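J.: Start counting the sequence shown at 923; every next residue gets the next number (our numbering). We treat Cβ as the ideally placed atom computed from N, Cα and C, and that holds for glycine. The model shown is predicted, which means the values in this text are computed figures rather than measured ones.
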Amino acid sequence: MKWRSRHSKSEVPMKKRNIVLIGPMGTGKSRAAKILSDGLEWQLADTDRMMERETGKKIADFYKEAGPEAFAEKEMQVIGHVRYYHEAVIAMGGNYPMTEEKFHLLSEYGLMILLYARPFRLAERVRRRIGKRPTMDYSDVDGYVRQMLRKWAKWRDRVDLVINTTNCHPEQTALLIARYIDQHHVTFAERRK
C-alpha cells in the first residue's frame, strides 16, 4: 500500500464529492466499494451493475452482442452520469483500462484510489468466475492478467491512494481508505437536500 496526498499541509485540504475505486478486474473494487458505502451511509455506484440495469443484460452478454466500441461508449455514458454524484462510492469496472478522458472526468470530483494485486492472485480470482468478465481471455489467464497489470501501472502515480489487495480482504481495503481520508483531512461536498 502506498499513501499519497495531492496537497501539502500548508494548502487547503482537497474537497471532493465522491470516492472512486479503479483498477484491474479481480482487485475487489465492487466488494470494497459496497462495504465503504455502507459504512459511510453513501450511495454505491458500481458501473458494471449500472450498465447491466440499463442494458437489461449481463455485462459479458452485452459486450459479446454489442461489441467493444458500443461497450466503451456505454461505459462513458455511465461515467458522464456518476461523476456528478455527491457522497457516492463509485466502483469502476476493470474490463477496460483507464483512459485520459475517463480519468479526467472521474478525478475532477472524485478521490481516486487504485486497487491492484499480484498476478497470481488476480489470476486465481478471475478463474473463480469463468465467463463473467467480458474482455477476459480465458485461454491464457496468466498472460492476460500480466498484460492487464502493465496497462494499469501508469496510473499509479496519478491517483490519490494505491492499495495492494493481494492479501487484503475487502473490509481491510475499505478501512484503509477510511483511514487515508481521516489522516489526510479529505473533506467532501455534501449532497444538497
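#1: By a C-beta neighbour count over all protein chains shown, 10 Å radius and 16 as the cutoff for buried, is A1075 buried or exposed?
#2: Would L966 and I1035 be called neighbours here (beta carbons separated by less than 8 Å)?
#3: Applying the 10 Å Cβ sphere with the 16-neighbour rule, what's the burial state of E1030?
#4: Given a cut-off of 8 Å on the beta-carbon distance, is the pair I957 and E1046 in contact?
#5: Using 8 Å as the threshold, is the segment 1062-1073 in touch with the segment 1097-1104, meaning 3 or more CB pairs across them?
#6: Between the beta-carbon of I941 and the beta-carbon of L1033, is there less than 8 Å?
#7: Give the range of the alpha helix (DSSP H) segment to which M1070 is assigned.
#8: Can the beta-carbon of G948 be found less than 8 Å from the beta-carbon of L1044?
#9: Buried or exposed, going by whether 16 or more other CB atoms sit within 10 Å of the CB of T1088?
#10: Measuring straight from C-alpha to C-alpha, what distance separates V1011 and D1062?
#11: Cα separation between F993 and Y985?
#12: With 16 other CB atoms within 10 Å as the buried threshold, where does A1039 fall?
#13: Spell out a yes or no on whether the segment 1102-1111 and the segment 972-984 are touching, meaning 3 or more CB-CB pairs, one atom from each, closer than 8 Å.
#14: Return helix, strand or coil for T1021, following the three-state DSSP convention.
#15: Straight-line CA distance for H1091 to R1049?
#16: If I'm right that K996 touches T1021 with Cβ under 8 Å, what's the distance once you round it to whole angstroms?
#17: How is the alpha helix (DSSP H) around D960 delimited, first residue to last?
T.: According to the structure data:
#1: Under this definition A1075 is an exposed residue.
#2: Result no, Cβ atoms of L966 and I1035 do not sit closer than 8 Å.
#3: Looking at its Cβ environment, which holds fewer than 16 other Cβ atoms inside 10 Å, E1030 is exposed.
#4: It is not a contact, given that the beta carbons lie outside the stated cut-off.
#5: Touching, no, given that fewer than three Cβ pairs across the two stretches are closer than 8 Å.
#6: The Cβ-Cβ distance between I941 and L1033 falls below 8 Å.
#7: First-last of the alpha helix (DSSP H) with M1070: 1063-1075.
#8: Yes. Within cutoff.
#9: A residue is called buried once 16 or more other Cβ atoms fall within 10 Å of its Cβ, and T1088, having fewer, is exposed.
#10: Distance between the alpha carbons of V1011 and D1062 is about 32 Å.
#11: Spanning the two alpha carbons is a distance of roughly 6 Å.
#12: Within a 10 Å sphere around the beta-carbon of A1039 sit 16 or more other beta-carbons, which makes this residue buried.
#13: With a cut-off of 8 Å on Cβ pairs, the segment 1102-1111 is not in contact with the segment 972-984, counting fewer than three such pairs.
#14: Correct three-state label for T1021: coil.
#15: Pairing H1091 with R1049, the inter-Cα distance amounts to about 18 Å.
#16: About 14 Å separates the two Cβ atoms, so there is no contact after all.
#17: Counting along the chain, the alpha helix (DSSP H) containing D960 begins and ends at 951-962.
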